[in-house]
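Heads up: the sequence shown begins at 359 in the working numbering, then just goes up one per residue.
Where a beta carbon is used, it is the ideal one built from N, C-alpha and C, also for glycine.
Let me begin by presenting the structure, written as structure tokens, before commenting on it.
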Amino acid sequence: MSEELSYEIRFVTCDEWEEAMGLAWKTFLEFEGNVYPPEGVRSFEDFITDSSLKRMFIMGSYQMMAAFLDGKMIGMISLRNKTHISLLFVDRYYHRRGIGRALIDALSDYVKAEEGENKLTVNASPYGVEFYHCLGFQDIGPEKRQDGIIFTPMFLSIEG
């Protein structure tokens with residue numbers, strides 16, 4: 359899978375919310391579900407199906423971008439509180455193709471230009487820790503568990 363993909367990254371529309379949450383859920387189950395205790399799986403499902411989260415998205419206080427290939431969503435990233443990556447998932451068939459990095463780059467550009475911030479934070483899942491380290495994120499604390507969710511808090515200084 360070394361061919362160059364021609365995908366588009368753009369903000370998600372309200373009509374694409376369910377597709378984005380479906381991608382997050384499917385990918386979470388494939389790569390995280392077996393690591394998390396049942397409480398953590400329930401907590402994640404509760405988060406992505408919470409109607410108040412969708413309302414925040416509709417009102418513009420929870421931003422989301424996605425990568426689309428031939429009209430199909432193949433990756434998504436969301437932002438809360440101006441600088442915190444809330445969700446980042448790429449369809450398993452498109453891993454290691456630069457999509458996650460491109461989503462973070464697009465979100466970084468948005469955070470710098472529109473939010474006036476120069477940092478990103480994330481609570482990296484066990485599966486994502488190495489990926490975030492490769493992009494320059496640094497741990498700001500040890501691995502934690504909260505409501506069954508396992509994560510490592512991380513920080514990235516945005517250049518430019």
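| Asked | Found |
| --- | --- |
| Test item: CB-CB of leucine 461 and isoleucine 367 under 8 Å | yes |
| 8 Å Cβ cutoff met for leucine 514 and lysine 470 | no |
| Cβ-based neighbour list, tyrosine 485, same chain, cut-off 8 Å, excluding 5 preceding and 5 following | Phe389, Glu390 and Val393 |
| Per DSSP, cross-strand counterpart(s) of asparagine 476 | According to DSSP, which records beta bridges pairwise, asparagine 476 is partnered with nothing at all. |
| For alanine 464 and glutamate 472, the rounded distance between their alpha carbons | 12 Å |
| Under the three-state DSSP convention, the category tyrosine 420 falls into | strand |
| Aspartate 497 - DSSP class collapsed to helix/strand/coil | strand |
| Closest residue to aspartate 373 among Pro396, Phe402, Arg503 and Ala424 (Cα-Cα distance) | Ala424 |
| Per-residue burial, methionine 417 [other beta carbons within 10 Å of its own, 16 or more giving buried] | exposed |
| Best match in Gln421, Met422, Tyr420 and Ala382 for proximity to aspartate 404 [C-alpha to C-alpha] | Ala382 |
| Beta-carbon separation (whole angstroms), valine 448 vs glycine 429, contact threshold 8 Å | Contact flag wrong, Cβ pair sits at about 17 Å. |
| Close Cβ partners of methionine 414 (< 8 Å) along its chain, the five nearest in sequence each way excluded | Tyr420 and Arg438 |
| Inter-residue Cα distance where the pair is arginine 503 and phenylalanine 509 | 6 Å |
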